[in-house]
Amino acid sequence: MKIIKTCLTAVISSMMIFSPMAYADKWSDQFPHIKATGDIPGDCSYEKMSKKNYKGKTLKINTHAIPVMGEPTALHAEQFEKLTGGTVEVTHTPAGDLYSKAMVPFQAGQAPYDVVFGFSNFINDWKRYLAPVPKKYMNSPEMKDVTKSHMGVSSWDGTMYQYPVDGDRHYLKYRKDVIDNPEMQKKYKAETGKDLKVPTTWKEYGEMAKFFNGWDWDGDGELEYGSAEVMKKDDLMFAAFFSRSVAYAKNPRTPGGFFFDLETMKPNINNPGFVEALTDWVEATKYVPPGGTNFGLGDEIGSFGGGQTLFSFSWDDAFIAAMQDDSPIKNKVGAAPLPGANKVWNRVSNSWENQYNQAPYIVWGWAVGVAKKSKVKDMAFDYLCFFSNGANHQADLAIGRFGVNPFKNSDFDPNIYINSMGWDPEIANSYTKTLLDMEKSNNRVFPLRVPGVFEFTSAVATGTSKALAGQLSPQEALDEVAKEWEAIVGRVGKKAVQDAYSVGVKMEDNKL
Amino acid sequence: MNFKHKYFFLFPGLFVLIGILIFPIIFVVRLSLSGWNSYNPGLDYIGLENYIRLFTDDPRFWESFFRLSFLSVTTVILQYVIGFALAHMVWKDIKFKRFFRVLFLVPMMTTPVIMTVIWRTFFHESLGPVNDMLSVFGVAPKWLTDPVIAKFTVIIVEVWQWTPFMFLLLLAGLLSLPKEPFLAAAIDGASPVRKFIYVTFPLMAPISIGAIIIRLIEASKIMDTVYVLTSGGPGTSTETSSFYIFIKGLREFQMGYAASMSFTYLIIMIISLTIIAKVLTKLLLKE
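Residue numbers (this note's numbering), protein chains in the order written: chain A, 59 to 570; chain B, 2 to 288.
So this is what it looks like as structure tokens:
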């Protein structure tokens with residue numbers, strides 16, 4: 059049985075990789091974006107979409123600013139128009155305003171946009187205004203290929219409200235040409251007495267980043283630095299902080315909540331695990347490039363992707379940017395799980411456990427839904443299905459600035475990256491293994507998805523940015539955040555937050 | 002003609018006034034008495050809860066207000082001094098007068114958000130040209146990441162962008178001044194400095210007060226520069242009232258609470274600007 063299953067998987071994988079050849083000429087001539095694969099058969103392939111007729115209908119989309127997600131939205135809208143004869147109007151909005159731009163008309167009972175892009179952690183606030191994904195798409199082979207984690211991220215208690223177009227997680231990116239360089243290893247050993255290797259703890263990360271900070275270690279005539287991180291206030295910095303916190307604060311032996319104690323809804327955010335992570339982060343301000351404490355995601359991608367730093371951690375985009383053909387460091391980078399820690403906080407016994415701990419952060423990512431009040435729901439879902447069809451998805455994955463990252467099981471085949479994108483096999487293997495291992499982990503942290511999520515994350519951004527700026531100590535900053543979180547829970551209602559949070563906890567505790 | 006007909010002609014203006022001024026203010030007041038947020042959309046009634054929270058449990062609002070006061074007063078003083086100097090310069094018969102008059106207006110004609118993005122690139126501490134040039138002298142200020150310097154970076158951008166507005170008002174004022182007092186001063190043999198102190202400046206006082214008040218009103222709404230340049234950081238060191246209200250209202254979607262802050266802010270601004278106008282009038286128009 060196992061052999062049959064393996065053979066079947068191999069045949070399906072080969073079909074997905076090599077079958078495009080049959081359509082390559084017909085569709086890739088017309089749409090050069092998919093020249094590497096041609097059309098890939100599926101429910102929403104170019105071939106199938108060309109048979110739809112949406113002439114006279116208009117689809118209105120609100121998406122992010124160009125390039126991240128905004129560029130592929132516009133590109134696929136243009137392709138969709140050519141194939142179906144319909145009209146697609148795309149509005150681009152800055153990341154910080156995506157929530158309110160949809161929420162204001164939603165609350166006013168209007169639907170100026172049929173399709174709204176946002177982040178997956180908006181789901182709790184948005185779900186009552188979104189149409190669930192229809193069964194015919196849920197049963198499609200493309201949807202069956204979506205990983206369990208990302209099915210969970212796009213759904214609420216079993217109902218899918220957000221159409222999967224992107225998969226996000228935070229992981230470590232490092233300069234392989236430096237870490238694996240025998241000369242550098244010798245130098246590091248001589249000066250620190252320690253081995254230069256891919257860091258497995260945040261302390262090692264900090265030591266190495268500090269050592270490689272402020273000198274020209276790649277001989278390009280420019281100074282290089284230790285780490286590029288998202289530290290700019292209100293610019294997704296809270297996610298970077300959670301990435302650093304999971305190692306110290308996500309204890310697999312204490313289920314029942316990472317952000318809150320699910321039973322009491324008391325915030326965990328100021329416990330010693332989180333404080334240790336923030337202390338490390340404050341220390342990190344010493345090994346980021348000049349101005350690094352004002353880096354947003356775009357700066358982080360540009361900095362690591364442009365070869366300025368040894369390390370980086372956050373979404374895939376910096377790694378993909380580094381591996382693009384025009385990158386000065388193509389095939390010189392490696393991927394690894396987020397560093398862990400040699401101790402982890404036990405919030406039940408109120409003590410440190412001195413053992414190694416690592417936890418993947420399946421961070422929120424781009425998500426998109428169809429407004430319940432939309433009058434062109436069929437067209438909207440077809441557009442989203444087309445957006446993420448096999449050919450578009452593989453082509454989008456290869457372009458760092460697009461912000462489209464793996465979320466299908468078939469994405470973890472290293473051959474995609476070796477054959478279509480020219481990646482070094484060793485790097486492609488380490489990349490797919492890193493992502494796949496996160497899917498398999500039993501100690502994952504998922505994004506906070508509770509009512510008024512923006513209030514919670516905004517409080518984290520404010521508190522941690524005060525600590526990074528030296529306005530408050532890490533403990534004081536997180537005490538302030540905890541106080542604010544308690545106030546928010548009080549305003550929203552303990553029961554409402556608890557009910558919503560329990561869904562995330564079930565996922566973290568591997569019960570969903 | 003029936004005397005009452007005059008009301009008929011007032012109606013169009015009155016409707017517009019109610020629609021665009023009175024209704025929004027009344028709505029904001031009503032909104033401020035509700036708990037409208039992302040999970041509870043609607044105009045429920047929670048009394049003065051938002052105001053109590055604002056006055057007893059939100060030091061961040063008051064910190065941002067005092068920061069705003071510092072930023073707006075500093076930028077307006079600098080804009081007034083520089084704007085007056087430039088206006089005075091092109092008021093006189095100098096070469097390329099027309100060219101300079103247009104040139105000095107260029108910053109005001111550019112889009113603030115776009116220009117702030119360009120300034121942010123200039124001040125980028127590792128990739129920007131400013132620190133690249135300053136590295137010749139061995140200095141590399143932390144333009145956007147030091148809590149104190151970041152405030153001055155915001156001031157620089159604001160002064161650059163809005164000094165032309167001050168320049169324009171003051172130049173218009175200078176061009177409308179009567180010639181006789183200047184002729185009299187010239188006959189008396191007054192030096193250029195004395196002429197400025199005893200003739201130009203006093204004559205310009207009413208226009209100066211108007212220009213300063215207009216700019217103070219505008220500067221107190223500073224938002225786009227902070228949003229693009231620093232996002233209120235590092236920490237909360239460049240966060241102003243309007244940016245904080247924006248975060249609470251449109252980022253966190255606490256509409257009711259943001260409305261209470263907006264209304265409180267409006268009242269404070271009306272009172273403080275009235276006092277400032279009175280003080281300026283007393284100081285500059287004492288004779």
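Just so you know, even glycine gets a beta-carbon here, dropped at the ideal spot from N, CA and C.
Taking just the CA atoms, how far does A:Thr515 sit from A:Tyr306? 19 Å
Opening and closing residue of the beta strand (DSSP E) in which A:Arg507 lies: For A:Arg507, there is no enclosing beta strand (DSSP E), as DSSP marks it with neither H nor E.
Return the chain-ordered list of same chain residues with a C-beta closer than 6 Å to the C-beta of B:His89, the five sequence neighbours on each side being excluded. none
Could you tell me which chain B residues have their CB closer than 8 Å to the CB of A:Met161, listed as they occur along the chain? Ser39, Phe254
Grouping DSSP H, G and I as helix and E and B as strand, with all else coil, what is A:Tyr229? strand
I'd like to know if the segment 499-516 of chain A and the segment 406-423 of chain A are in contact, where contact means that at least 3 CB-CB pairs between them fall below 8 Å. Touching, per the Cβ criterion.
Residue from A:Arg549, A:Tyr559, A:Val223 with nearest C-alpha to B:Arg41: One detail in the question is off: residue 41 of chain B reads as Asn in this sequence, not Arg. Out of A:Arg549, A:Tyr559, A:Val223, A:Arg549 has the C-alpha closest to the C-alpha of B:Asn41.
Out of B:Gly48, B:Asn51, B:Ser73, which one is the CA nearest neighbour of B:Ile157? B:Ser73
Judging by CA-CA distance, which residue of B:Thr76, B:Leu104, B:Arg31 is the nearest neighbour of B:Leu87? Closest by alpha carbon: B:Leu104.
What whole-angstrom Cβ distance do B:Thr146 and A:Asn352 have, given they're in contact under 8 Å? The Cβ separation is near 5 Å, so the contact holds.
Span separating the alpha-carbon of A:Tyr81 from that of A:Gly96: Note on A:Tyr81: pLDDT 47, under 50, position unreliable in the model; the coordinate value appears next. Approximately 6 Å, taken between the alpha carbons.
Assuming the contact rule is C-beta atoms closer than 8 Å, A:Phe175 and A:Thr131 should be a hit. Round their C-beta distance to whole Å, please. At roughly 7 Å, the Cβ-Cβ gap stays under 8 Å, so A:Phe175 and A:Thr131 are in contact.
Going by the beta-carbon positions, is the gap between A:Leu536 and A:Val402 smaller than 8 Å? no
Cβ of B:Glu64 less than 8 Å from any chain A Cβ? Residue contact with chain A for B:Glu64: absent (no Cβ-Cβ distance below 8 Å to any residue of chain A).
Spatial neighbours of A:Lys388 within its chain, please: CB distance less than 6 Å, with the 5 preceding and 5 following residues excluded, ordered by chain position. Here the set comprises Met381.
Could you spell out the range, first to last residue, of the beta strand (DSSP E) harbouring A:Ser409? 409-411
Would you grab the beta carbon distance between A:Leu230 and A:Pro397 for me? Rounded to a whole angstrom, and I think it's under 8 Å. 6 Å
Any chance you could list the beta strand (DSSP E) runs of at least 3 consecutive residues sitting entirely within the segment 178-262 of chain A, in chain order? 229-233
Throw me the rounded Cβ distance for the B:Glu126 and B:Trp144 pair, which I believe falls under 8 Å. About 6 Å separates the CB atoms of B:Glu126 and B:Trp144; that is less than 8 Å, so the two are in contact.
For A:Ser198, which residues of its own chain have a beta-carbon under 6 Å away from its beta-carbon, when the five flanking residues on both sides are left out? Asp101
For A:Lys430, which three-state DSSP category applies? In this structure, A:Lys430 counts as coil in the three-state DSSP scheme.
Could you check whether the Cβ of B:Leu251 sits closer than 8 Å to any Cβ belonging to chain A? yes
Counting C-beta neighbours from all protein chains within 10 Å, is the total for B:Ser232 16 or more, i.e. buried, or is it exposed? buried
Using Cβ-Cβ distances below 7 Å, what residues of the segment 507-529 of chain A are close to chain B? Pro509, Gly510, Phe512, Glu513, Ser516, Thr520, Ser523, Lys524, Leu526, Ala527, Gln529
Of all the residues that make up the segment 76-102 of chain B, which are near chain A by a beta-carbon distance shorter than 7 Å? none
Roughly how many angstroms lie between the CA atoms of A:Ala456 and A:Ser478, to the nearest whole one? 8 Å
Distance CB(A:Lys390)-CB(A:Arg233) smaller than 8 Å: yes
Interface residues of chain B facing A:Gln165 [CB-CB closer than 7 Å]: Within chain B, the residues near A:Gln165 are Pro42.
For the putative contact between B:Thr239 and B:Val155, defined by C-beta atoms under 8 Å, what is the C-beta separation to the nearest angstrom? 5 Å
Thinking C-alpha only, which one of A:Gly354, A:Ala393, A:Leu526 is nearest A:Asp338? In terms of CA proximity to A:Asp338, A:Leu526 leads the group A:Gly354, A:Ala393, A:Leu526.
8 Å Cβ cutoff met for A:Ala438 and A:Leu188: no
Quick one: grab the DSSP three-state call for A:His122. strand
Selected residue, minimal CA-CA separation from A:Pro325, among A:Val555, A:Met565, A:Glu566, A:Ser86: A:Val555
Does A:Asp292 get closer than 8 Å to chain B when you measure Cβ to Cβ? yes
Bridge partner(s) assigned by DSSP for A:Tyr419: A:His228, A:Val503
Separation of B:Val118 from A:Asp357, as counted between CA atoms: 13 Å
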